[in-house]
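Each residue of the sequence shown is one higher than the one before, starting from 1 at the first, in our numbering.
Each residue gets a CB set at the ideal place from its N, CA and C atoms; glycine is no exception.
Since the structure comes first, as structure tokens, the remarks are kept for the end.
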Amino acid sequence: MTHVTEHPLVQGGRSAALAAACVRGGVAAGLGLGALAVLAIAAWISSPFPDGGPHDVLHAVAGLWLLAHGVDLLRTDTLSDVPAPLGVVPLLLAALPVWLVHRAARDTLDPGAGGRNRPRPSPSGAIGAVAGGYLLVTAAVVLYSESGPLPADLVTAGLWPPAVVTGAAAAGVWTALGRPFPGPRWAVLPRAVGLGLVTLLAGGATVAAVPLVLRADRAQGLFLGLAGEWSGRAAVLLLVLALLPNAAVWGAAYGLGPGFALGTGALATPLGLAGDPAVPPFPLLAAVPAEGRGTWLHWSAAAVPLVAAVLLGHRVGRSARTWTVRDTVLTALGAAGACAAAFTALAGAAGGPLGSGRLSAFGPVWWQAGAAAALWTVCAGVPTALGVRAWGRRSPRPKHAPAPVPTAPDPTEAEAETGEGAATGGKPSRMPSLKWVRLRDRDRGRARNRFRLRGRRSGAAQGTPEPGTDPYDGDPYDDLYGDPFGDTGYEPYDFLPAAWEPAAKPKPEPKPQPEQDSEGPGTA
Numbered sequence: 001m002t003h004v005t006e007h008p009l010v011q012g013g014r015s016a017a018l019a020a021a022c023v024r025g026g027v028a029a030g031l032g033l034g035a036l037a038v039l040a041i042a043a044w045i046s047s048p049f050p051d052g053g054p055h056d057v058l059h060a061v062a063g064l065w066l067l068a069h070g071v072d073l074l075r076t077d078t079l080s081d082v083p084a085p086l087g088v089v090p091l092l093l094a095a096l097p098v099w100l101v102h103r104a105a106r107d108t109l110d111p112g113a114g115g116r117n118r119p120r121p122s123p124s125g126a127i128g129a130v131a132g133g134y135l136l137v138t139a140a141v142v143l144y145s146e147s148g149p150l151p152a153d154l155v156t157a158g159l160w161p162p163a164v165v166t167g168a169a170a171a172g173v174w175t176a177l178g179r180p181f182p183g184p185r186w187a188v189l190p191r192a193v194g195l196g197l198v199t200l201l202a203g204g205a206t207v208a209a210v211p212l213v214l215r216a217d218r219a220q221g222l223f224l225g226l227a228g229e230w231s232g233r234a235a236v237l238l239l240v241l242a243l244l245p246n247a248a249v250w251g252a253a254y255g256l257g258p259g260f261a262l263g264t265g266a267l268a269t270p271l272g273l274a275g276d277p278a279v280p281p282f283p284l285l286a287a288v289p290a291e292g293r294g295t296w297l298h299w300s301a302a303a304v305p306l307v308a309a310v311l312l313g314h315r316v317g318r319s320a321r322t323w324t325v326r327d328t329v330l331t332a333l334g335a336a337g338a339c340a341a342a343f344t345a346l347a348g349a350a351g352g353p354l355g356s357g358r359l360s361a362f363g364p365v366w367w368q369a370g371a372a373a374a375l376w377t378v379c380a381g382v383p384t385a386l387g388v389r390a391w392g393r394r395s396p397r398p399k400h401a402p403a404p405v406p407t408a409p410d411p412t413e414a415e416a417e418t419g420e421g422a423a424t425g426g427k428p429s430r431m432p433s434l435k436w437v438r439l440r441d442r443d444r445g446r447a448r449n450r451f452r453l454r455g456r457r458s459g460a461a462q463g464t465p466e467p468g469t470d471p472y473d474g475d476p477y478d479d480l481y482g483d484p485f486g487d488t489g490y491e492p493y494d495f496l497p498a499a500w501e502p503a504a505k506p507k508p509e510p511k512p513q514p515e516q517d518s519e520g521p522g523t524a
């Protein structure tokens, strides 16, 4: 009975935990569908000239939701009656299902407040249950879209949603477990990859935003020409916002060198625009460079991948100060490969077909963009990591301190001494001049500074150690904090006169008497 109580997952708690995780996955899929349905129905209700009925709106919602998971759609209402593919994924729209799956998997293993005894599945069971519940809803949506104007492509529907959902669920379980790493080299990889990828996308967004601002009049004209009423303009504005991350990926691919395709036979690179582009009238496409050779402003986009690779290598080099050269190179190569793989996936999702014919190739070519990203990060990131590592391992040159200059004893110190000690004449003063000396702790064997108060007298006192010996060896006051006085002749009865007491005047030294002849004055 005790064994069942301590391990509830082994007995009857596992089935309930897996069922709850499966329900969480289905709820996450329903939340994503519901959010899109609310926006689509609101736009349909507010439109003065609605096209179609509620069932058409729901089919459009199902198509958009599947498109956010990487599923290609087929437009059947074309002029040639030939289905036209649609494969450009709005990346901002794709962030919603990824976050919902991540949160569902994380909450499955999170005990919560006061719920530490709640049955929980194993990490692999949580991934499978959450992904299974989500994919059941996905399969139902795919079947529902087959009867609408935007049916799903069954090949991509069976390939990309399982990969996206499983990856997001695995990331959520990893977060719930505290983001463990097998070693220090693995711990730096997500940070370096994240820094390089964010820098690359931020630079790509800048590359796309600069020409868009310079051609704001053209972008405004395209925006106003797509829809006349405010509800249509609101829908176009939402679509522009959903495609802003796509524009950042396009700008990053442009800076990497391969650029992006504007239809079959048309390619835009920093060197210029080649071919006859087929550009649809859309506001974001106003940033497409004009035909002709590129100028220095277009060539400056190459600074984006260079800065991203340098920052990635710098992040690896900061953590590699105690590593070997081999480990540093392998870690930098791993970070470069992971960053290139992530950008390859983003480039594949940001581009794709917009139709048939010349629009069958639109956006970055995923394998070219990924290869260029790997080349930039390896060629610039690995040397940067090695250079930062070498700079961090340098040893500062020791600064030679000047030799101490011996000072002569002050003759006025003996005259300033008061009390009985000065009156005796032969006995040294009880309050000598003091001096702080920094020494090293020899007892504990480590560099720990301590201070010792040491007396300095004008004359040699009784018990002065011989030259070459340590006067503090065997000193009973030589403890962890040092000798507080440093005066071996100290007595507790010694004192100085107070300010209101007259100081005792030193007695005059007796004058030496002339020596007398021992034989007497009358001796011849």
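- Contact between the stretch 259 to 273 and the stretch 185 to 199 is absent, with fewer than three C-beta pairs closer than 8 Å.
- Nearest to A60 by alpha-carbon distance, out of A104, V141, L201, is V141.
- G337 has its alpha-carbon roughly 24 Å from the corresponding atom of L92.
- L39 sits away from W65, with the two beta carbons spaced by 8 Å or more.
- The stretch 295 to 308 and the stretch 316 to 331 do not touch, with fewer than 3 CB-CB distances between them shorter than 8 Å.
- Taking a 10 Å sphere around the C-beta of S15, we find fewer than 16 other C-beta atoms and assign the residue as exposed.
- In the structure shown, T269 falls within a strand segment according to DSSP collapsed to helix, strand and coil.
- For A68, the enclosing alpha helix (DSSP H) begins and ends at 54 to 68.
- Inter-residue distance for A131 and D276 is about 44 Å (C-alpha atoms, whole angstroms).
- Taking 8 Å as the cut-off, the beta carbon of A332 is found no closer than this to the beta carbon of G392.
- Taking the Cα positions, G196 is about 26 Å away from T295.
- Taking each of A62, T344, A371, D107 in turn and checking the Cα distance to A17, the smallest one comes out for D107.
- Here the alpha carbons of C379 and T269 stand approximately 21 Å from one another.
- In this structure V82 is in contact with S356, their Cβ atoms being roughly 6 Å apart against a cut-off of 8 Å.
- Collapsing the DSSP output to three states places R326 in a helix.
- Contiguous alpha helix (DSSP H) elements confined to the stretch 147 to 180 occur at 154 to 157, 160 to 176, taking only those with 4 or more residues.
- In this structure the stretch 198 to 214 lies against the stretch 244 to 256, because at least three pairs of beta carbons, one per stretch, are closer than 8 Å.
- The C-alpha of A361 lies about 5 Å from the C-alpha of P353.
- Boundaries around R75 are those of the beta strand (DSSP E), 73 to 75, since no alpha helix (DSSP H) includes it.
- Contact between the stretch 215 to 233 and the stretch 172 to 185 is absent, with fewer than three C-beta pairs closer than 8 Å.
- By the neighbour-count criterion, in which a residue is buried when 16 or more other Cβ atoms sit within 10 angstroms of its Cβ, H102 is buried.
- Taking a C-beta distance under 8 Å as the contact criterion, A28 and A104 qualify as a contact pair.
- L79: not part of any beta strand (DSSP E); DSSP gives it neither H nor E.
- The bridge partners DSSP lists for L262 are F362.
- Note: P85 is bridge-paired with L74 in the DSSP secondary-structure output.
- With contacts defined by Cβ atoms closer than 8 Å, L243 and P281 do not form a contacting pair.
- With fewer than 16 other Cβ atoms from the protein chains shown falling within 10 Å of its own Cβ, V198 counts as exposed.
- Around the beta carbon of R326, fewer than 16 other beta carbons lie within 10 angstroms, which makes this residue exposed.
- Under the three-state reduction of DSSP output, G352 falls in the strand class.
- DSSP, reduced to helix, strand and coil, places A274 within a strand of the structure shown.
- In the structure shown, the three-state DSSP call for R393 is coil.
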